[in-house]
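J.: My structure is below; once you've seen it, I'll send some questions.
Numbering (my numbering), first residue to last: 2 to 237.
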């Protein structure tokens with residue numbers, strides 16, 4: 002099987018390429034990031050399998066996958082992601098992919114997935130390898146549902162607190178706050194904390210009474226007062 006790897010993390014991509022190249026029957030024919038260069042290289046090489054990282058918002062993920070499918074309709078697409086929220090998993094699984102793997106999967110699981118795809122027709126059921134706890138919840142939680150911790154973080158963001166202050170308030174790391182916000186954005190399909198707050202208020206996932214330090218308008222405006230946090234989150 003001829004394989005193309007599209008991942009923005011060079012060390013991970015090169016490590017996976019080395020492992021796959023050492024296996025009989027697998028040839029890594031290309032490596033790129035997940036940008037436009039991925040579709041261009043896939044169109045040129047027409048690999049049997051494209052393994053692509055998806056750690057972006059749903060709209061961007063759909064654009065990446067659409068570009069890959071158009072570039073090489075006959076290639077099987079395997080998605081790797083670190084994101085662990087149900088809406089994202091459900092949505093990506095409906096984007097015409099052949100396999101969905103957690104990025105924490107072992108190399109053996111990736112190799113096994115390629116082997117399965119080499120022996121099954123394109124209309125076969127999608128291959129999924131996710132943490133057991135997440136698999137047990139797939140399809141059970143309503144799309145857009147926020148966890149208790151995500152709701153806490155969104156309320157504090159609505160009050161205008163920066164990532165650093167949210168972390169201090171909840172006794173967690175700033176990195177954990179960023180990961181929760183990324184999951185919130187992907188889960189409800191938004192691009193910034195101000196959009197997330199407005200959506201949460203409209204959907205009544207959080208109430209005005211919870212934003213005790215500001216009025217409704219002020220709370221949303223306060224959420225925009227940390228542009229550096231939004232920019233930094235988009236880079237993550």
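Every residue, glycine too, gets a C-beta built ideally from N, C-alpha and C.
1. From this set, 195, 83, 78, 71, which residue's C-alpha is nearest residue 99's C-alpha?
2. Touching or not, the region 33-45 and the region 62-80, by the rule of three or more beta carbon pairs under 8 Å?
3. Among 5, 190, 34, 10, which one has its Cα closest to the Cα of residue 21?
4. With a 10 Å radius around its C-beta and 16 neighbouring C-beta atoms as the bar for buried, classify residue 188 as buried or exposed.
5. What's the call for residue 76, buried or exposed, on a 16-neighbour Cβ count within 10 Å?
6. So residue 2 and residue 49 are supposed to be a Cβ contact under 8 Å. How far apart are they, rounded?
7. In the DSSP assignment, find the alpha helix (DSSP H) that holds residue 53 and state where it starts and stops.
8. Quick one: grab the DSSP three-state call for residue 3.
9. If residue 150 sits next to residue 181, beta carbons under 8 Å apart, how far is it from one beta carbon to the other, in whole angstroms?
10. Looking at residue 46: is its Cβ nearer than 8 Å to the Cβ of residue 68?
11. If residue 83 sits next to residue 56, beta carbons under 8 Å apart, how far is it from one beta carbon to the other, in whole angstroms?
12. Expressed to the nearest angstrom, what Euclidean distance is found between the alpha-carbon atoms of residue 109 and residue 80?
13. With a CB to CB cut of under 7 Å and the five nearest residues on each side skipped, what residues in its chain are close to residue 206?
14. For residue 28, name the three-state secondary structure that DSSP assigns.
15. How would you call residue 193, buried or exposed, if buried means at least 16 neighbouring beta carbons within 10 angstroms?
16. I need the boundaries of the beta strand (DSSP E) containing residue 77, first residue and last residue.
17. When we look at the beta-carbon of residue 232 and count the other beta-carbons within 10 Å, is it buried (16 or more) or exposed?
18. Among 96, 198, 114, which one has its Cα closest to the Cα of residue 103?
19. Less than 8 Å between the C-beta atoms of residue 96 and residue 63, yes or no?
20. Just the C-alpha distance for residue 156 and residue 116, rounded to the nearest angstrom, thanks.
21. Under a Cβ-count criterion, where at least 16 other Cβ atoms within 10 Å of its own Cβ denotes burial, should residue 25 be classed as buried or exposed?
22. Determine whether the beta carbon atoms of residue 164 and residue 175 lie at a separation below 8 Å.
23. Between residue 191 and residue 200, which are expected to be in contact by the criterion C-beta below 8 Å, what is the C-beta distance as a whole number of angstroms?
T.: Quick look at the numbers:
1. 78
2. Touching, per the Cβ criterion.
3. 5
4. buried
5. buried
6. Correct: roughly 5 Å between the Cβ atoms.
7. DSSP places residue 53 outside any alpha helix (DSSP H); the residue lies instead in the beta strand (DSSP E), whose first and last residues are 50-54.
8. strand
9. 6 Å
10. no
11. 6 Å
12. 16 Å
13. Only 147, 152 meet the Cβ criterion.
14. strand
15. buried
16. 77-82 is the extent of the beta strand (DSSP E) around residue 77.
17. Confidence at residue 232 is low in this model, with a pLDDT of 45, below 50, so its placement is unreliable and the value that follows should be read with caution. Answer is exposed; the Cβ neighbour count stays below 16.
18. 114
19. A distance below 8 Å separates the beta carbons of residue 96 and residue 63.
20. 46 Å
21. exposed
22. Taking 8 Å as the Cβ cut-off, residue 164 and residue 175 qualify as a contacting pair.
23. 6 Å
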